[in-house]
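Asker:
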Amino acid sequence: MAIADTDAARRAKLEQSLQGGSGIEVLTDVMSDWDDIPADHEPESYKNPVSTEDVVARITQLKPRILFVNLDLSIERECALLEALHRTCPETLVLLLTDKSVQEEQVIQALANGARGCLSHEADPFYFLKAVRVVDRGEIWVTRRMLGKIMDRVLH
Amino acid sequence: MILLASASQDDLCHWEQGVRTLSPIFCSTNLESLKVELARLKPSVLLLDYDLPQLNAPGGISALIKLHPEAKVIVLSHSLPDEAEWALFRTGVRGVCRRDIDGEQLQSVVTAVQRGELWIRRTLSWHLLNELVTITQERTKIKQAIGELLANLTQREYEIATLVGNGETNKQIARRLDITERTVKAHLTEVFRKLDIADRLKLALIVKGSIYPGDSSKMSH
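Sequence order for the protein chains is A and B.
Note that the numbering used here has the first sequence beginning at 22, numbered continuously upward.
Note that the numbering used here has the second sequence beginning at 896, numbered continuously upward.
(1) At a Cβ cut of 7 angstroms, what residues of the region 1045-1065 of chain B count as close to chain C, listed as they run along the chain?
(2) Answer with yes or no whether the minimum CB distance from glutamate 1012(B) to chain A is below 8 angstroms.
(3) How would you call glutamine 40(A), buried or exposed, if buried means at least 16 neighbouring beta carbons within 10 angstroms?
(4) Return no unless some Cβ of chain B is closer than 8 angstroms to the Cβ of alanine 131(A).
(5) What's the C-alpha gap between threonine 1057(B) and alanine 1081(B)?
(6) Please give me, in chain order, every unbroken run of the beta strand (DSSP E) with length at least 3 that falls completely inside the region 947-982 of chain B.
(7) For threonine 1049(B), is the classification buried or exposed, using 16 other Cβ atoms within 10 angstroms of its Cβ as the cut-off for buried?
(8) Taking Cβ-Cβ distances below 8 angstroms as the criterion, which residues of the region 1012-1032 of chain B are in contact with chain A?
(9) Consider the Cβ of leucine 39(A): report whether some Cβ of chain B lies at a distance smaller than 8 angstroms.
(10) The ligand GDP and glycine 987(B): does any heavy atom of the ligand fall closer than 7 angstroms to the residue's C-beta?
(11) Express the C-alpha separation of serine 974(B) and valine 1004(B) in angstroms, rounding to a whole number.
(12) One question on the structure: do arginine 985(B) and valine 1008(B) come within less than 8 angstroms of each other, judged by their Cβ atoms?
(13) Please list the partners that phenylalanine 984(B) has in chain A, where partner means a Cβ-to-Cβ separation under 8 angstroms.
(14) Going by CA-CA distance only, name the one from Val175(A), Ile24(A), Thr73(A) and Arg165(A) that's closest to isoleucine 87(A).
(15) Using 8 angstroms for Cβ pairs, my map puts alanine 966(B) next to leucine 933(B). What's the rounded Cβ distance?
(16) Have a look at the DSSP bridge pairing and note the partners of phenylalanine 984(B).
(17) Would you mind telling me which residues of chain B sit closer than 9 angstroms to isoleucine 161(A), beta carbon to beta carbon, in chain order?
(18) At a CB-CB cut-off below 7 angstroms, which residues of chain A make contact with alanine 1007(B)?
(19) Return the residues of the region 953-968 of chain B that lie within a Cβ-Cβ distance of less than 8 angstroms from chain A, sorted by chain order.
(20) Does the CB of glycine 1104(B) have a neighbour CB from chain A at under 8 angstroms?
(21) Glutamate 99(A) and alanine 133(A) look like a contact to me (Cβ under 8 angstroms); what is the Cβ gap, rounded to whole Å?
(22) Would you say glycine 1042(B) reaches chain A, if we count a Cβ-Cβ gap shorter than 8 angstroms as a contact?
(23) With respect to the beta strand (DSSP E) encompassing glycine 138(A), which residues constitute its N-terminal and C-terminal limits?
(24) Would DSSP call glycine 998(B) helix, strand or coil?
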């Protein structure tokens, strides 16, 4: 599995949460070639969002089964990325990482563009592993409340 | 108010014990009385036995929902094949669980559904997401196609088409644009020809992104 997030601290936390999972290999950052640079030495420009094409090209090359994508860019950009991934790398299943600033409607839009689940950065580490397992076997990882909203959208 | 419907007195008693602390409970033991009670009592939740005689799920459930669309329907059944269970959700059912569910658990299901949650097996939930993705892709395609077609209109034609989309009459459009009604009609004739449509209702739907020209079956949900 891979992580697409420009925030080094969040990446490190997620990696740590997933390390205990058997059969899981974390490919870590997939948004640049600078994986070997320690987090505190990352150049400022690194924190700028990279292009959708770059991320898709990298995912096509690495072919992770699960990709964590941080949902913090503009929603149009995120949806374009998700749609491109869904079309180009259908074998890669995307799990969204969100924080409190992300609105429910944005999550639904992201799911409508191919993401397979969503969980908070602040979730208990146990749930990161569980979400990976669930999504890996073809199911989705969202709250029942979100399922209710999606059903409303599908029916109306 | 919660309405329970089953021909089995044992099941009714069992379910009632589970949910009686949540709300006043009423029971129906056959389809005819259920229809009457559903329309009369307007319950917030209906706990419905999948095996209620003459129900004929899922079509029968769809008809019940139409009687009182605000009711959140939870179906209690024996183990169903995935496709049959998913078909229930497609009718608007908000939850499906086993008929022999523990009373305390049934209470949790009803509470969750009342909060707007969907009580669906995780192994079925991918159907839901796939439908959402398919609908979204279809809408995007329609929007793109409409965008391309509308791009063939002149600026004036587009302006008039948009005003028709807002529900304005030819007279109102003429007044707003300071042109004659005859000119509005002439522009609309050209718009209809370019979009290959015959009336202003279709034009309004196209401008609103609800249908694609030439395929009136693709009405949006």
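Every residue, glycine too, gets a C-beta built ideally from N, C-alpha and C.
Answerer: Let me lay it out:
(1) The chain inventory of the structure shown lacks chain C, comprising the protein chains A and B.
(2) yes
(3) The residue is exposed, with fewer than 16 neighbouring Cβ atoms inside 10 Å.
(4) no
(5) 16 angstroms
(6) 967-972
(7) exposed
(8) Here the close residues are Glu1012, Leu1013, Trp1014, Ile1015, Arg1017, Thr1018, Ser1020, Trp1021, Leu1023, Leu1024, Glu1026, Leu1027, Val1028, Ile1030 and Thr1031.
(9) no
(10) With respect to the ligand GDP, the structure shown offers nothing to examine, as it has no ligands at all.
(11) 17 angstroms
(12) no
(13) Result: Met172.
(14) Ile24(A)
(15) 7 angstroms
(16) Bridge partners of phenylalanine 984(B): none, in fact.
(17) Arg1017, Ser1020, Trp1021, Leu1023 and Leu1024
(18) Arg165
(19) Along the region 953-968 of chain B, none of the residues has a CB nearer than 8 angstroms to a CB of chain A.
(20) no
(21) About 11 angstroms separates the two Cβ atoms, so there is no contact after all.
(22) no
(23) 138-141
(24) helix
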